[in-house]
Amino acid sequence: MKLFVNNLTNIDFSYLHTERGLMGESWLVQLQLDGALNDQGMICDFGIVKKVVKEWMDTFADHVLLVPVGSDQADLQYHDQQAQLTWHYKEGEALVCQSPAQAIIAVETPEITPQSLAQWCEAKLKALFPGEVKGLKLHFVAEPEQGAFYHYSHGLQQHEGNCQRIAHGHRSQLHIYRNGQRDSLLEREWAERWQDIYLGTTAHRQPDPKPGVYAYCYQAPQGQFELSLPASRCYDLDTETTVELIAEHLAEQVKAVFPDDSIEVHAFEGIGKGAISVR
44 MKLFVNNLTN
54 IDFSYLHTER
64 GLMGESWLVQ
74 LQLDGALNDQ
84 GMICDFGIVK
94 KVVKEWMDTF
104 ADHVLLVPVG
114 SDQADLQYHD
124 QQAQLTWHYK
134 EGEALVCQSP
144 AQAIIAVETP
154 EITPQSLAQW
164 CEAKLKALFP
174 GEVKGLKLHF
184 VAEPEQGAFY
194 HYSHGLQQHE
204 GNCQRIAHGH
214 RSQLHIYRNG
224 QRDSLLEREW
234 AERWQDIYLG
244 TTAHRQPDPK
254 PGVYAYCYQA
264 PQGQFELSLP
274 ASRCYDLDTE
284 TTVELIAEHL
294 AEQVKAVFPD
304 DSIEVHAFEG
314 IGKGAISVR
């Protein structure tokens, strides 16, 4: 007998890709359990399934930076509840991140894909279920494409929750309206400009450690966060990078190019949520 839960939750996170480097991502979680029926005629109560899986995902996969420690590009060390990460890009550049340990998760795989991450999660989750559950299968799926989208990473210093982590991210759609009509060309232009981008805040910028490298640092409720990476992979805002302020920034930029047009920007933060700015 099998039990399934589609779209049980979704996770918003960043990970390190062997070719593209730091990438924000958003995936839906699909779950299937295999097992015998208990004396209530169930494999496991849906309420328990959802609670156990969501709590685990919130801790180990959501709003974190996932590092494929099986890759020779990764050097991740933990000391006294702190994480020290160096990721070597194939072009010779590097990303360096220091943060509280819970913000950077080591995944024992050479690369992170929906399949490899699912297998890693399955092994961890299976132990949390009662004996009636004989097997557990997990699938991660991206939101169906509905036009332009981009992957971005960021950190929100002033956020009281896990959004304060300096390198977490999202896969986000972008809708831009000019005079009430979607402008797919503008959407693609901005999505390409921000593909795999790190959205930083100017106030968090530190003196550049060397030419071509941007460094960010801030103190947040969970601790000290530091990140440096190639400047070509960064785009700074003069504000925090909440989705509301991202929408405002995009609307201002588009309005500056088309001052006589009415502009409306729908900026998404992952799946099914976001902000609207009108100019």
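In my numbering, the protein residues as written are 44 to 322. The beta-carbon is built from N, C-alpha and C at its ideal position, and this holds for glycine as well. Fair warning: this is a prediction, and the values are worked out from it, not measured in the lab.
How would you call residue i, buried or exposed, if buried means at least 16 neighbouring beta carbons within 10 angstroms?
i    : result
M100 : buried
T245 : exposed
R63  : exposed
P187 : exposed
F311 : buried
F56  : buried
H122 : exposed
E291 : buried
E68  : buried
For residue i, which beta-bridge partners are listed by DSSP?
i    : result
F89  : Note: F89 sits in no beta bridge, so no partner.
M66  : Y58
Y257 : L272
C140 : L128, L270
Q207 : According to DSSP, which records beta bridges pairwise, Q207 is partnered with nothing at all.
T52  : V72
For residue i, report the span of its alpha helix (DSSP H) as first-last.
i    : result
H292 : 286-300
P250 : Careful: P250 lies outside any alpha helix (DSSP H) and carries neither H nor E.
L160 : 157-169
A234 : 227-236
Select from the options the residue whose C-alpha is nearest the C-alpha of residue i.
i    : options                : result
N205 : E295, V308, S142, I289 : S142
E269 : Q127, E188, P111, N81  : Q127
Q54  : S320, G315, A149, I319 : Gln is not the amino acid found at residue 54; the sequence shown has Ile there. That would be G315, whose Cα lies nearest to the Cα of I54.
F183 : V72, S57, M66          : V72
Q201 : A263, W130, S275       : A263
H218 : Q83, L76, L293         : L293
Y58  : W130, D82, L181, R225  : W130
Q116 : D82, A166, G135        : G135
E283 : E235, Y132, F301, Y241 : Y241
I148 : L108, L280, L160, E154 : L108
S275 : Y132, V96, E98, N50    : Y132
S215 : R231, K253, T102       : R231
G190 : I91, C260, L229        : L229
Would you give the residue range spanned by the beta strand (DSSP E) that residue i belongs to?
i    : result
A185 : Careful: A185 lies outside any beta strand (DSSP E) and carries neither H nor E.
H112 : Correcting the residue type first, residue 112 is Val in the shown sequence and not His. Run containing V112: none; DSSP gives neither H nor E here.
Who are the Cβ neighbours of residue i in its own chain at under 6 Å, not counting the five residues just before and after it?
i    : result
E286 : Sequence check: residue 286 is Val here, not Glu. Closer than 6 Å at Cβ, skipping near neighbours: A310, E312, G317, A318.
D239 : R63, M66, H194
P157 : F183
C277 : Y241, G243, Y257
Please go through the same chain and pick out, in chain order, the residues whose beta-carbon is closer than 7 Å to the beta-carbon of residue i, but skip the five residues on each side of it.
i    : result
E151 : V112, G113, W163
N222 : D304, S305
W405 : A question about residue 405 goes unanswered here, because the residues of the chain that appear run from 44 up to 322.
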